[in-house]
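Visitor: In this note's numbering, the protein residues as written are 389 to 611.
Sharing a structure with you now.
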Amino acid sequence: MADEENVSMLRPPQEEKAMSPDKPTKTSLTGMLGSAGLAIKDGISGSLRGLQEIEGQMVELARNKATDVLNATGSVANTTLNTSKDLIKGTLAATEDVGTNFMTSVTSVAKGIILAVGEVGGDVTQAATQMVKGAVQGAAEVGANVADVAKSAVTGAVEATRQIGGNAATTARAAATGALEAAGEIGGTAVTSVTNVLVGSVEGIKDVIGAAMPGAKKGGDKP
Numbered sequence: 389m390a391d392e393e394n395v396s397m398l399r400p401p402q403e404e405k406a407m408s409p410d411k412p413t414k415t416s417l418t419g420m421l422g423s424a425g426l427a428i429k430d431g432i433s434g435s436l437r438g439l440q441e442i443e444g445q446m447v448e449l450a451r452n453k454a455t456d457v458l459n460a461t462g463s464v465a466n467t468t469l470n471t472s473k474d475l476i477k478g479t480l481a482a483t484e485d486v487g488t489n490f491m492t493s494v495t496s497v498a499k500g501i502i503l504a505v506g507e508v509g510g511d512v513t514q515a516a517t518q519m520v521k522g523a524v525q526g527a528a529e530v531g532a533n534v535a536d537v538a539k540s541a542v543t544g545a546v547e548a549t550r551q552i553g554g555n556a557a558t559t560a561r562a563a564a565t566g567a568l569e570a571a572g573e574i575g576g577t578a579v580t581s582v583t584n585v586l587v588g589s590v591e592g593i594k595d596v597i598g599a600a601m602p603g604a605k606k607g608g609d610k611p
């Protein structure tokens, strides 16, 4: 199986090419709606388009902030970790203020950070490890769900890598390494929760676990 297929769990589900004969088409479904149905359809469609625009704005904001910091310091590895930690903590604080789910926001910010690294000519694979490590550390510091932040940050790193034409599978494994290293430093149930959320999402996760934390029990292994 090709590397790109190995991160299929991180990709949004693709639409079925063939539609069931019993499934209404978009045109016929709209024609079945009454005035209230049409109103809510238009309202939700507008909101979803707005959400897509907001996500794009978050990516650009994170990209610009990270680019400024990287250009100012010139040290991609250390700067990526610290910048990621700070940006993710700020993101979590913002989502708490407005009462929204943070996972999409974390994905957008993580994507922006990796795009910034690529823009300044840094090593995207190495940066993915440091970015996700910083994200998980930041989540732990503010009491957020480290497993969800890890998954969202890995997803953002993979999306950014695809956008710049890099190897998404390599980035996914590098990002997972960062998540597991951070979880190992946090201790407690962090290792288990992060491992469980990444198993099935990143091909070769057991090898990543063994490299990041020698002697650790690998996700999915039987006792």
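Don't be surprised by glycine CBs; every beta carbon is placed ideally from N, CA and C.
The model shown is predicted, which means the values in this text are computed figures rather than measured ones.
How many whole angstroms separate the CB atoms of L360 and A538, which I take to be in contact at a CB cut-off of 8 Å?
Guide: Any question about residue 360 goes unanswered here, given that the chain covers just 389 to 611.
Visitor: When you compare the CB positions of S472 and A541, do they come within less than 9 Å of one another, or not?
Guide: Yes, the pair counts as a contact, with Cβ atoms nearer than the cut-off.
Visitor: Which first and last residues belong to the alpha helix (DSSP H) in which I574 is found?
Guide: Unbroken alpha helix (DSSP H) run through I574: A556 to I574.
Visitor: For A562, which residues in the same chain have their Cβ closer than 6 Å to its Cβ, ignoring the five residues on either side in sequence?
Guide: Closer than 6 Å at Cβ, skipping near neighbours: T513, A516 and T517.
Visitor: When you compare each of L449, N466, M519 and S493 to A560 by their alpha carbons, which one comes out closest?
Guide: Checked all of L449, N466, M519 and S493; the closest Cα to A560 is M519.
Visitor: Following the continuous alpha helix (DSSP H) through V537, name the residue where it begins and the one where it ends.
Guide: Its alpha helix (DSSP H) spans residues V534 to Q551.
Visitor: Pick from L449, V457, G510 and A427: whose alpha carbon is nearest that of T643?
Guide: Since the first residue of the chain shown is 389 and the last is 611, residue 643 is not available in this structure.
Visitor: Classify I476: buried if its beta carbon has 16 or more other beta carbons within 10 angstroms, exposed otherwise.
Guide: Classification of I476: buried, given that the 10 Å Cβ count is 16 or more.
Visitor: Among A460, V486, I574 and A523, which one has its Cα closest to the Cα of N470?
Guide: Checked all of A460, V486, I574 and A523; the closest Cα to N470 is A523.
Visitor: Out of A482, I502 and Q440, which has the shortest C-alpha to C-alpha gap to L458?
Guide: Ranking the options by Cα distance to L458, first place goes to I502.
Visitor: Just tell me which of T565, G478, G566 and A504 has its CA closest to the CA of G531.
Guide: For G531, the nearest C-alpha among the options comes from G478.
Visitor: Kindly indicate which three-state DSSP category G506 falls into: helix, strand or coil?
Guide: Three-state DSSP puts G506 in a helix.
Visitor: Between A450 and V497, is the Cβ-Cβ spacing less than 9 Å?
Guide: A contact, by the Cβ cut-off of 9 Å.
Visitor: Would you please state the rounded distance, in angstroms, between the beta carbons of V582 and A535? I believe it to be under 8 Å.
Guide: So it is a contact: roughly 5 Å between Cβ atoms.
Visitor: So which of E443, G500, N489 and A545 has the shortest CA-CA distance to T455?
Guide: Nearest of E443, G500, N489 and A545 to T455, Cα basis: G500.
Visitor: E403 to G462, Cα distance in whole Å?
Guide: In this predicted model, E403 has a pLDDT of only 43, less than 50, meaning its place in the structure is not dependable enough to derive any value.
Visitor: Which class does T461 belong to by DSSP, given the choice of helix, strand or coil?
Guide: Looking at T461 - three-state DSSP - the assignment turns out to be helix.
Visitor: Less than 9 Å between the beta carbons of E443 and T492, yes or no?
Guide: Yes, the pair counts as a contact, with Cβ atoms nearer than the cut-off.
Visitor: In chain order, what residues of the same chain lie with their CB nearer than 8 Å to the CB of G438, ignoring the 5 residues before and after it?
Guide: The answer is none, since no qualifying residue turns up.
Visitor: I'd like the list of long-range same chain contacts for G554, defined as Cβ closer than 7 Å, with 5 residues on each side in sequence excluded.
Guide: Result list for G554: V512, in chain order.
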